[in-house]
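Below is one structure, written out as structure tokens; the observations come after it.
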Amino acid sequence: MKLFDLHCDTILRIYGDKTELKKNDYHIDIDKMKQGHSLGQFFAMFVDLKSTQTPFKTCNEMIDCFEHEMNLNKEAIKAGKTYHEIVNNKEITGIVTIEEGAVLEGKIDNLDHFYKRGVRSITLTWNYENEIGYPNCKDEFRDKGLKPFGLEVVKRMNDLGMLIDVSHLSDGGFWDCIKHSTKPIIASHSNARAVQDVSRNLTDDMILALRDKGGVMGMNFCAYFLDGSKASKVKDIVRHVRYIYDLAGIDVIAMGTDFDGIGGELEISDMSKMNLLVEALRQDGFTEEEIEKIFYKNALRVLEALK
Ligand SMILES: [Zn+2]
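Numbering-wise, this note's numbering puts 688 at position 63 of the sequence shown, and it's gapless, one number per residue.
Laid out in structure tokens, this is it:
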């Protein structure tokens with residue numbers, strides 16, 4: 626089964642540890658991607674504001690690292706930006722995304738800069754308040770919406786053709802994106818809050834609104850977001866998929882593994898083991914066509930609608 630994964634933190638690890646994408650001990654390397662039938666991958670440039678005073682510069686260095694890795698492995702993977710590149714490249718397509726809108730440092734020109742560097746999606750916040758809005762990790766932020774700069778960012782991302790990613794964003798910020806975005810939006814790595822009650826997951830109303838907007842949510846393999854335990858199990862991923870399917874249908878479900886951003890015990894221990902999930906979804910009664918939508922077709926549909 627081909628795969629398009631909406632979220633991984635592999636570049637952060639490579640950038641921090643001076644390791645490489647070709648072969649490593651992480652969840653994602655070139656061989657594991659090949660074994661997982663990867664068609665394309667969003668590589669998040671995750672910038673932790675606690676570890677840098679210069680997020681714009683750090684993010685650029687991470688993109689340098691991404692580009693370097695693409696060059697080193699060009700027989701297998703190629704940097705891309707568009708739906709057409711993903712479907713036409715014979716190699717896997719790597720797409721740069723950003724996780725932490727503070728890298729813009731409050732300047733809309735920096736958004737254009739990152740667009741020119743190939744960035745096609747931004748997770749507007751991580752777990753800190755920034756110039757755009759508030760995260761969903763604190764109750765006091767839950768109902769807070771986007772800030773004026775956040776509204777400006779939404780508009781400019783729509784105009785440029787960049788995917789707005791609401792994973793980590795406050796519920797109030799989510800609803801502002803639904804209201805103001807003229808294009809589909811995504812929650813790149815979030816599950817269902819009705820199944821596991823954590824603020825990183827989406828409520829039923831949010832899932833339905835995301836679907837009505839034409840967007841998708843990527844299933845996150847982090848145990849804490851699946852069932853609150855320390856071990857990430859395939860049956861719990863299926864439980865979230867089944868719940869979302871029964872609530873909102875197939876078209877809103879995608880993959881957002883969070884590989885290399887999550888720890889603990891993982892039954893799907895790296896990208897080469899994605900077939901465990903394919904099998905479990907078949908066992909649960911999902912058709913091949915439905916599994917294709919979950920694994921890559923829904924994500925590609927959203928990317929195609931970006932233009
Ligand atoms: Zn994240």
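Yeah, the Cβ is synthetic: ideal placement off N, Cα and C, and Gly gets one too.
Could you tell me how far apart the beta carbons of residue i and residue j are, in whole angstroms, since I believe they sit closer than 8 Å?
i, j, result
"isoleucine 916", "alanine 873", "Rounded, the Cβ-Cβ distance is 17 Å, inconsistent with contact."
"valine 779", "cysteine 802", "6 Å"
"lysine 627", "tyrosine 921", "5 Å"
"asparagine 845", "glycine 786", "At roughly 25 Å, the Cβ-Cβ gap does not stay under 8 Å, so asparagine 845 and glycine 786 are not in contact."
"leucine 644", "phenylalanine 668", "Note that residue 644 is threonine in the sequence shown, not leucine. Threonine 644 to phenylalanine 668, Cβ: 14 Å. No contact."
"proline 680", "glutamate 730", "6 Å"
"leucine 736", "isoleucine 757", "At roughly 10 Å, the Cβ-Cβ gap does not stay under 8 Å, so leucine 736 and isoleucine 757 are not in contact."
"valine 863", "isoleucine 878", "Incorrect: roughly 11 Å between the Cβ atoms, too far for contact."
"glutamate 913", "valine 859", "Wrong, their Cβ atoms sit about 18 Å apart, outside the cutoff."
"lysine 706", "isoleucine 720", "7 Å"
"aspartate 837", "leucine 851", "Wrong, their Cβ atoms sit about 25 Å apart, outside the cutoff."
"phenylalanine 691", "leucine 637", "In fact, because the Cβ distance is near 10 Å, the residues do not count as touching under 8 Å."
"lysine 808", "asparagine 783", "5 Å"
How big is the Cα-Cα spacing for residue i and residue j?
i, j, result
"lysine 675", "cysteine 684", "14 Å"
"tyrosine 708", "leucine 788", "12 Å"
"valine 927", "alanine 819", "25 Å"
"isoleucine 810", "lysine 647", "31 Å"
"serine 824", "isoleucine 747", "19 Å"
"arginine 745", "arginine 781", "12 Å"
"isoleucine 875", "isoleucine 919", "7 Å"
"lysine 588", "lysine 732", "Missing from the structure shown is residue 588; the chain here goes from 626 to 932 and no further."
"isoleucine 702", "glutamate 710", "12 Å"
"leucine 827", "serine 806", "18 Å"
"histidine 632", "aspartate 883", "5 Å"
"alanine 930", "valine 712", "14 Å"
"aspartate 871", "phenylalanine 911", "12 Å"
"aspartate 830", "arginine 767", "15 Å"
"serine 663", "aspartate 654", "11 Å"
"tryptophan 800", "serine 792", "12 Å"
"aspartate 734", "isoleucine 887", "32 Å"
"glycine 839", "threonine 750", "21 Å"
Taking 9 Å as the threshold (C-beta atoms), are residue j and residue i in contact?
i, j, result
"aspartate 885", "tyrosine 651", "yes"
"glutamate 686", "aspartate 790", "no"
"glycine 743", "lysine 769", "no"
"histidine 814", "glycine 843", "yes"
"glutamine 678", "serine 897", "no"
"threonine 718", "alanine 704", "yes"
"glutamate 890", "alanine 848", "yes"
"valine 841", "alanine 817", "no"
"aspartate 895", "lysine 657", "yes"
"phenylalanine 629", "leucine 906", "no"
When DSSP builds the beta bridges, which residues end up paired with residue i?
i, result
"leucine 729", "Per DSSP, none; premise fails for leucine 729."
"leucine 891", "Ser857"
"aspartate 790", "Thr748 and Ile811"
"isoleucine 720", "Phe667"
"cysteine 633", "Phe884"
"proline 760", "Leu794"
"valine 841", "Ile811"
"alanine 924", "Paired residue(s): none; alanine 924 is not in a bridge."
"alanine 817", "Leu827"
"alanine 879", "Gly843"
"leucine 628", "Ser663"
"alanine 704", "Gly719"
Consider the Cβ of residue i: report whether some Cβ of chain B lies at a distance smaller than 9 Å.
i, result
"alanine 873", "Looking at the structure shown, chain B is missing, and only one protein chain is on hand."
Please classify residue i: is it buried, with 16 or more other beta-carbons within 10 angstroms of its beta-carbon, or exposed?
i, result
"alanine 856", "exposed"
"glutamine 666", "buried"
"asparagine 923", "buried"
"leucine 901", "exposed"
"serine 795", "buried"
"serine 854", "exposed"
"asparagine 696", "exposed"
"glutamine 821", "buried"
"proline 760", "buried"
"glutamate 694", "buried"
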